[in-house]
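**Student:** Residue numbers (this note's numbering): 281 to 703. All residues carry an ideal CB built from backbone N, CA and C; glycine is no exception. As the structure is a computational prediction, the values presented were derived from the model and not from experiment.
1) Would you tell me roughly how many angstroms separate the C-alpha atoms of residue 470 and residue 476, rounded to the nearest one?
2) Where residue 424 and residue 295 are concerned, what is the direct C-alpha to C-alpha distance, given to the nearest angstrom?
3) Look up residue 620 in the DSSP assignment and say whether it is helix, strand or coil.
4) Quick one: what does DSSP say residue 686 is sitting in, helix, strand or coil?
5) Spell out whether any CB of chain D is found under 9 Å from the CB atom of residue 652.
6) How many angstroms separate the CA atom of residue 387 from the CA atom of residue 341?
7) Would you check if the distance between the CB atom of residue 648 and the CB atom of residue 421 is smaller than 9 Å?
8) Could you check how far apart the C-beta atoms of residue 267 and residue 430 are, in whole angstroms? I think they sit under 8 Å.
9) Starting from the C-beta of residue 511, find all residues in its chain whose C-beta is less than 7 Å away, skip the five residues before and the five after it, and write them out in chain order.
10) Between residue 692 and the rest of its own chain, which residues show a CB-CB distance below 6 Å, the 5 nearest in sequence each way excluded?
11) Relative to the C-alpha of residue 566, which residue among 442, 369 and 683 is closest?
12) Would you call residue 640 buried or exposed, if buried means 16 or more other Cβ atoms sit within 10 Å of its Cβ?
13) State the Cα-Cα distance for the pair residue 435 and residue 426, rounded to the nearest angstrom.
14) Can you give, in chain order, each stretch of the beta strand (DSSP E) that sits fully within the region 511-544 and has at least 3 residues?
15) How many whole angstroms separate the CB atoms of residue 289 and residue 642, which I take to be in contact at a CB cut-off of 8 Å?
16) Once DSSP output is grouped into helix, strand and coil, what is the label at residue 350?
17) CA-CA distance, residue 755 and residue 679?
18) Note down, in chain order, each residue of its chain lying with its Cβ closer than 6 Å to the Cβ of residue 668, except the 5 sequence neighbours on either side.
19) Ignoring anything shorter than 4 residues or poking outside the region 628-653, list the alpha helix (DSSP H) runs there in chain order.
20) State buried or exposed for residue 432, treating a residue as buried only when at least 16 other CB atoms are found within 10 Å of its CB.
21) Using 8 Å as the Cβ pair cut-off and three pairs as the minimum, do the region 486-506 and the region 608-628 touch?
22) The beta strand (DSSP E) spanning residue 402 covers which residue range?
23) State yes or no: is the C-beta of residue 657 within less than 9 Å of the C-beta of residue 671?
24) For residue 459, name the three-state secondary structure that DSSP assigns.
25) Are there 16 or more other CB atoms within 10 angstroms of the CB of residue 350, so buried, or fewer, so exposed?
26) Terminal residues of the continuous alpha helix (DSSP H) containing residue 370?
27) Please specify which runs of the beta strand (DSSP E), each continuous and at least 3 residues long, are wholly inside the region 575-613, giving them in chain order.
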C-alpha cells in the first residue's frame, strides 16, 4: 500500500464538501465538461459540488509542481506521462485545495474562472473511447449462469480459473450517465418455435460492473508485464453493460455475444484514480489452481468498493434498491485483465475501456443482474411503492448504479451511472 499526504483522512478543503459527499479532497476524480472555450470538452477534477478546471489552472500558473503542457493536453499526460504524472498533478491539486492554502482560495479573479458549480456544467463522457473489452471476472455471476444454463455440468467452464475470459465490445455505443438507452431489436427464437423472429427484446437486463480506462498505451508485439500494468491504468468508473438476454441466447453460439450487447454500455462520468483507491487495496480471492506465471499478481491487487443498484419505474416517486455487492467478488484483478489482454502482443491505446464483468455476491440480494435476481424470470421483484413486478427492465424504468469506498469520516465515491430505458 503506497500512501501519501493525499490520503490524510483529516485533510479538509476551503471548498465546502458535505460529509456524505462522494468527492472529498482525498478523491479528486477527473472528468470532462463542456465549457465556453471548449464546448467539446474541458478537463476538470471534482471536489464536493464544484469542478476545478485544469486548463484555467494551467493558464494561471498554479500547477507549479506539474508539467503545464501535460496538464493542458490531457491525452498527452495519459499517453506519455503514465501514472507518475497523474500522481504529481493530483498532489498539486490536493495542496491547492487545502484549507490553509491561499493561492487559489484568495485569488478571486482566477477562482471565478477555475471553479464551476457542477449544477451549471454539462458533464460529458470522460474520454472518447477507443476500444471496449468486457471481461467475465465475477466468479459468482459466472457460476450462477452456469447453473442456470448447464445444470447437468460443472458451473464453471474448464478455462475459467486459468485466464480472464473476455470479448471485444462496441466502443461507439459507450455513453455517459444520463444518456437514455433505447430498447434494442434483434433476432430471438422461442423454445417451442422452429424459426426465429425479429423485434424488440423482451428481456432487457443490466449488468453491474466496474471498469478501468487506460492511460499510457503499449507497442504492438510487446506484452505488458503484470507488475507494470497499473502504470497503464488511468482510473476506474462504474459500468452498466446492458444486455438483451433473449437475443443473446439465440446468437451467442459459436462466437459469443454480438447484437445482444453492442447496442449500449453506460458509464459514470468521474474517473477515480488508483491513487485515490490506495487505502482500499485488498488481497483477492485465492486462485486455485495457481495461475500461470505471467498472470501471477502477488500482493493486494484488488479493491474494496461497495456497489449498489436501484430501479425506479415511471410510476414511482423514488428509486428502490434491488442489489448490493462489492468488487471483492471479482476473481481476476484489473492488472491480470490487462496482462492477459496484452500477453499475445496486442497493443493498447490511451482511452481503452475494460469492464470487469458482472459483479455478483454470494447472496440473492447481491446478484448483479436481473437474470440472477429473478433467476431466469421465475422470481419476480416487487416494486414496493407501486406493487409493480419486474423480471427484466421495462420501458420508462431508470436504473441507477453507485459505488464508493467507505473511510473514517469520509468516503471515496464514483458518483453514479443513471440511465432511463426508452421504447
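**Tutor:** So, from the listed chains and residues:
1) 7 Å
2) 46 Å
3) helix
4) strand
5) Considering every chain present, this structure includes no chain D. It has just one protein chain.
6) 12 Å
7) yes
8) This structure leaves residue 267 out entirely; the chain is present only between 281 and 703.
9) 362, 363 and 496
10) 307, 556 and 685
11) 442
12) buried
13) 4 Å
14) 513-521
15) Actually they are not in contact, since the Cβ atoms of residue 289 and residue 642 sit about 30 Å apart, beyond 8 Å.
16) Here the model assigns residue 350 a pLDDT of 48, short of 50, so the residue's position is not dependable, and the following value carries that caveat. Residue 350 falls in the helix class under three-state DSSP.
17) Because the chain spans 281 through 703 in this model, residue 755 falls outside it and cannot be assessed.
18) 593
19) 650-653
20) exposed
21) yes
22) 402-404
23) yes
24) coil
25) Summary for residue 350: the model assigns pLDDT 48, below 50, so the residue's position carries little reliability; its value from the coordinates is reported in the next sentence. Buried, by the Cβ-count rule.
26) 362-377
27) 586-592 and 600-606
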